[in-house]
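**Student:** Have a look at the structure that comes next, please.
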Amino acid sequence: MSMTSTSERVRTFLDPRPARWSTVLLLSVALAYADGFVLTSLTGAVGFIKRAQDLFDNWLLQSAILVPFFVIAMLLMLRRIRRKQGSALRTGKKVMTAALLLALAGTVVGVVAVSASSAYDYYLQANELDVDGPLHNHTTVTIPGAAAAANDPHAAHGSCDEVCTDKRQTLVSDIRGVGLSGPIMLVANIVLVGWLLALLGGQLSPSASRRRTAAAAASTGQLDVVDAASQGVQS
0 MSMTSTSERV RTFLDPRPAR WSTVLLLSVA LAYADGFVLT SLTGAVGFIK
50 RAQDLFDNWL LQSAILVPFF VIAMLLMLRR IRRKQGSALR TGKKVMTAAL
100 LLALAGTVVG VVAVSASSAY DYYLQANELD VDGPLHNHTT VTIPGAAAAA
150 NDPHAAHGSC DEVCTDKRQT LVSDIRGVGL SGPIMLVANI VLVGWLLALL
200 GGQLSPSASR RRTAAAAAST GQLDVVDAAS QGVQS
C-alpha cells in the first residue's frame, strides 16, 4: 500500500500537464542558460576574481547544473496550475497566466542560484582579505561613539580596521548584485517564455498547436476544393 502510494505521488509529480515533457525541457534549458548568463555576468562584475576567469566555460557548466532545478520548478508550478485551472488551458488568458507563473518560478530558481553563488563569492573574498589584508593594512578606523580603550577587550567591536571595512564594502556589493539580478532575470524570463510560447503556437502543448494548424490547413484545402468545383460548374 505504501509502495503504491509512493509511486502514485511520483507519477503525479512527473505529470507535466497542461504542458508536455518537451515543453518542460525546452523551457527549463532556455531559462537555465538565460539566468545562468546573468549569474556568470554578476560573478565577473563583483565576484571572486579567481572565479571570474573562463566565464564562457563557467556559464556553460553552471547553466547545465541548473537545468534539473528548473525542471523541478516547472513541474511544481505546472502542478499548481493544473490544480487551479485544470489539465487543459482553453483560453488565451489562462495560457498567459500560466506563462507568467512559469517565468516567475524560473526567476525564483535563478535568484536562489545567484544568492548561493554570491554567498560563496563573499566567503572566498573574506578569506582572501583575512590572509592578504594584514600584510598591507596597518591603520585602524574607529567608529564614532565606540569606546576608545584599546586594552579593553569589550571595546573591540567598536573599531573596524581596513580589512573589516573592505569586507563590509564587499558584502554590500554582493547584496546589490543579487538585488539587481532579480528584476533582470524576471524581465528576461517573461520575454523568453513569451517568445517560446509564440513558437509553440500560443499553447503550452506543441501537439495542440499542431492539431490546430493541421485543422486550419485542412479547412483551407476544403475551401479551395469547393471553390474549384463551383468554378467548374459555372464554366
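With numbering that gives the first Met the number 0 as the guide, the letters of the sequence shown map in order to residues 0 to 234.
Beta carbons: idealized from backbone N, C-alpha and C, even for Gly.
Tell me the DSSP secondary structure of Ser4 in three-state form.
**Tutor:** helix
**Student:** Report yes or no: do three or more beta-carbon pairs, one from the region 186 to 201 and one from the region 25 to 32, lie closer than 8 angstroms?
**Tutor:** yes
**Student:** Leaving out five residues before and five after Leu80 in sequence, what residues of the same chain have Cβ atoms less than 7 angstroms from its Cβ?
**Tutor:** Inspection of the sequence shows that residue 80 is occupied by Ile rather than by Leu. For Ile80, where only same-chain residues beyond five positions count, the Cβ hits under 7 angstroms are Pro17, Ala97, Leu100.
**Student:** Is the number of C-beta pairs between the region 112 to 120 and the region 41 to 52 that are closer than 8 angstroms three or more?
**Tutor:** At 8 angstroms Cβ cutoff, the stretches touch.
**Student:** What three-state label does DSSP hand Thr90 in the structure shown?
**Tutor:** The answer is coil: DSSP assigns Thr90 none of H, G, I, E or B.
**Student:** Helix, strand or coil: which one does DSSP assign to Leu123?
**Tutor:** helix
**Student:** Using C-beta distances below 6 angstroms, list every residue in its chain close to Phe68, excluding the 5 sequence neighbours before and after it, in chain order.
**Tutor:** Val108
**Student:** Alpha carbon to alpha carbon, how far is Val110 from Leu179?
**Tutor:** CA-to-CA, the gap between Val110 and Leu179 works out to about 10 angstroms.
**Student:** For Leu123, I'd like the list of residues in its chain whose CB is within less than 6 angstroms of its CB, leaving aside the five on either flank, ordered along the chain.
**Tutor:** When the five nearest sequence neighbours on each side are left out, the beta carbons in the same chain lying within less than 6 angstroms of the beta carbon of Leu123 are those of Phe47, in order along the chain.
**Student:** Assuming Gln84 is part of the alpha helix (DSSP H), what are its boundary residues?
**Tutor:** 54 to 84
**Student:** Take Val9 as the anchor and find which of Ala87, Leu198, Leu75, Leu128 has the nearest alpha-carbon.
**Tutor:** Leu75
**Student:** Could you give the distance in angstroms between the alpha-carbon of Leu203 and the alpha-carbon of Ser21?
**Tutor:** 10 angstroms
**Student:** According to DSSP, simplified to helix, strand and coil, what is Pro182?
**Tutor:** helix
**Student:** Could you give the residue range of the alpha helix (DSSP H) that holds Leu41?
**Tutor:** 20 to 45
**Student:** To the nearest whole angstrom, what separates the beta carbons of Leu65 and Gly35, a pair I think is in contact under 8 angstroms?
**Tutor:** 6 angstroms
**Student:** Take the Cβ of Ala44 as the centre, count every other Cβ of all protein chains shown within 10 Å, and call the residue buried at 16 or more, exposed below.
**Tutor:** exposed
**Student:** Beta carbon of Gly176, beta carbon of Val113: below 9 angstroms?
**Tutor:** yes
**Student:** Could you check the C-alpha separation between Gly181 and Thr11 for me, to the nearest Å?
**Tutor:** 30 angstroms
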